[in-house]
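The structure appears right after this line, and notes come after that.
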Amino acid sequence: MDDNAVDREATPGLSCFVDVFDRVDLFDRIDNQTVVHLSSLGQKNGFSSTDSVQKSTGVILRRMLKPGVTAFDLATAVFDRLCCVSGYTAADFSAVLLCHSGVDNSGAKQLAAALETHYGHAPRTVQPFNYGCSGFLKLLHEGTLLLADRRQVKRIALLNIETPETWHDGSDRLFCGIVSAGATGVILERNTGIPVAVIRTDDFAISPDLRPNPEPLFRKETGQVYTFRGESVTRTVMRMNAETVFLNGIELMLNNLRSAVASVDLTPGQRVIVIPHQPSGKLLKALIAAARLEYPDFEFLNNLSDFGNTISAAVPTIMSRLPQVLAENDLQPISDGDLIILLGAGICMREIENHMSAGHACLEWVSAANSVSRFQETTLAR
43 MDDNAVDREA
53 TPGLSCFVDV
63 FDRVDLFDRI
73 DNQTVVHLSS
83 LGQKNGFSST
93 DSVQKSTGVI
103 LRRMLKPGVT
113 AFDLATAVFD
123 RLCCVSGYTA
133 ADFSAVLLCH
143 SGVDNSGAKQ
153 LAAALETHYG
163 HAPRTVQPFN
173 YGCSGFLKLL
183 HEGTLLLADR
193 RQVKRIALLN
203 IETPETWHDG
213 SDRLFCGIVS
223 AGATGVILER
233 NTGIPVAVIR
243 TDDFAISPDL
253 RPNPEPLFRK
263 ETGQVYTFRG
273 ESVTRTVMRM
283 NAETVFLNGI
293 ELMLNNLRSA
303 VASVDLTPGQ
313 RVIVIPHQPS
323 GKLLKALIAA
333 ARLEYPDFEF
343 LNNLSDFGNT
353 ISAAVPTIMS
363 RLPQVLAEND
373 LQPISDGDLI
383 ILLGAGICMR
393 EIENHMSAGH
403 ACLEWVSAAN
413 SVSRFQETTL
423 AR
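Heads up, our numbering is the position in the sequence shown plus 42, with the first residue counted as 1.
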C-alpha cells in the first residue's frame, strides 16, 4: 500500500476531539508581562514591552504545568475525558498512539509505559513517538496505516501531550513568548466519523541553498538556563536558527497546501477551511498572506491568542474547539461538505540539524447528525 494513500474499503475517520485547557487544576498561565521578565533574564536583550510580545508572537496567554503536575497527569486527564465524551473505555482501544515531544525519546517512552500500567493495557499498546510540531499529522498517518494493515485494529486513540516548558529555556525570546503546554485526544476509527481522504507526512532535507546562514536548523544545548518560573537550572534545551526555520516552515506549509489541493476534487463553490500549525504570529501571518495570493477564497484559522504554540497539540486543539475558533475568526459555522485541510511543519526530531518535518490531511466535514463525531462542550475562564 502507498504510505500516502487511504484504503477506500476501510476509510479511516475521526470521531472525537477533546482537550483539557479548561482544567485550571492542571495549568498555570503565562501572560505577556511575565514573558517580558523571562526574556530579560541572564542579562539578555529581551522584549521591551507587553505590546512588543503580542506583536511578535500573536499570543496573549500561554500555559505551563502547575507545580507538582506531571505529563502523566496531563495524559490521564485527556484520555479520561476522551473516554467520557466518546462513551468508550480505555480497554476499547486497540492501540494508543502517543506524541510527547522533547530533546530525546526517553520522556515519551516513560510516559507510554506509565499509561500502560495505569490503564492495564498490554505491553506495546501505547506506542510512543517524539515528533515535534508535525506530531498530530504523523500520528494520524501512523494510525491510518495501522487500520489498513491490521484488520483486528478497530479503534485508535491519538494522544498529543506537550510540555515544552521542560525542554526550552524560559529566557529564550524565540520560545518563551510562544510555546505552551497542551494536551489533546482524538479517536481514529474505521468507516465512521469524519472521513480522512488524504494524509501525507514526510521529513525534508533543507539544502544549503535554502538556508540564509550555515548554522544548523535546531541544536541541543546543555548548560545553565532558566525555567518558565524564572529559576536558574542546568538542563538540556532546544535552540533554533530562527530565520532559516521561519523561511522553510512557510515554504513547506505552502507546498503541502498545494499538494493537498491537488489531491482532492473540489466542487464549484465548495468551502475550504485551512487549519495550519500555530508556530508564531509572524510566521502564521506570513503564511496566510502568501497562501491567499494563490487561494483567495480559502479560510485560514488563527488560534494563537489564548493558546500559543502547543507543539503537536496545536492542530487538534483547533479541531476540538472548531465552533469557537471559527466564531473568533469571524467565520460562519462549519457545514456538511466543507473541506478541512490540516497543515503542519516544524522540527524533524530525527535529524534536527538539517531536516524539517511537514505534512497535510484532507477531511470532508460530516456533521454529528450524520456520523458519530463528538466534540467536548467546554469554555475557558478569562
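Glycine is no exception: its CB is placed at the ideal position from the N, C-alpha and C atoms. Remember, it's a predicted structure, so these values are computed and weren't measured experimentally.
Span of the alpha helix (DSSP H) around residue i
| i | result |
| --- | --- |
| E207 | Run containing E207: none; DSSP gives neither H nor E here. |
| R300 | 284 to 305 |
| R123 | 113 to 128 |
| P365 | 364 to 370 |
| V195 | Unbroken run through V195: none, as it is neither H nor E. |
| H142 | No alpha helix (DSSP H) contains H142, which DSSP labels as neither H nor E. |
| L56 | No alpha helix (DSSP H) contains L56, which is instead part of the beta strand (DSSP E) from 54 to 61. |
Spatial distance of residue i from residue j (CA atoms)
| i | j | result |
| --- | --- | --- |
| G185 | G149 | 21 Å |
| L187 | L83 | 46 Å |
| S213 | Q312 | 45 Å |
| H160 | F270 | 29 Å |
| A132 | F121 | 8 Å |
| N298 | E336 | 13 Å |
| H319 | D245 | 16 Å |
| L329 | L230 | 29 Å |
| N396 | I248 | 6 Å |
| R261 | V145 | 9 Å |
| I376 | M280 | 38 Å |
| W407 | L364 | 12 Å |
| S399 | G388 | 6 Å |
| E293 | L385 | 12 Å |
| L116 | P338 | 39 Å |
| S409 | R166 | 34 Å |
| E273 | S94 | 23 Å |
For residue j and residue i, believed in contact at Cβ under 8 Å, the rounded distance
| i | j | result |
| --- | --- | --- |
| V62 | R104 | That pair is no contact at about 15 Å. |
| V228 | L200 | 4 Å |
| M106 | D64 | The pair is not a contact, with the Cβ atoms about 16 Å apart (cut-off 8 Å). |
| D211 | Y173 | Contact doesn't hold; Cβ gap of about 21 Å is too wide. |
Limits of the unbroken beta strand (DSSP E) element including residue i
| i | result |
| --- | --- |
| F69 | 69 to 72 |
| R334 | That residue, R334, is in no beta strand (DSSP E); its alpha helix (DSSP H) goes 323 to 336. |
| E184 | Element bounds for E184: not the beta strand (DSSP E) but the alpha helix (DSSP H), 177 to 191. |
| T226 | 224 to 232 |
Nearest neighbour of residue i, chosen from the options [CA to CA]
| i | options | result |
| --- | --- | --- |
| T208 | A113, D372, I360 | A113 |
| P321 | G100, T92, R71 | G100 |
| L308 | F340, M282, R334, I292 | F340 |
| V357 | Q374, V316, S274, H397 | V316 |
| S305 | L107, P170, V238, H142 | V238 |
| I220 | L189, F135, Q96, L179 | Q96 |
| V287 | L216, S362, Q266 | L216 |
| K151 | A164, G162, P170, F349 | P170 |
| N275 | N283, G162, H402, G265 | It should be noted that the sequence gives Val, not Asn, for residue 275. Answer by Cα proximity: G265. |
| F135 | L189, Q85, A369, L325 | L189 |
| Q374 | N351, F342, S301 | F342 |
| G129 | L140, R197, A164, Q85 | R197 |
| G401 | S81, G177, T118, P54 | G177 |
| R192 | D115, P54, V127 | P54 |
| G88 | G110, E393, C218, H142 | C218 |
| V127 | E257, V60, A223, L368 | V60 |
| T278 | F349, A154, V240, P206 | P206 |
| A332 | R300, C390, N74 | R300 |
Neighbour-count burial assignment, residue i, 16 or more Cβ in a 10 Å radius
| i | result |
| --- | --- |
| T226 | buried |
| T243 | buried |
| C58 | buried |
| R232 | buried |
| E204 | buried |
| L252 | exposed |
| A223 | buried |
| L56 | buried |
| G291 | buried |
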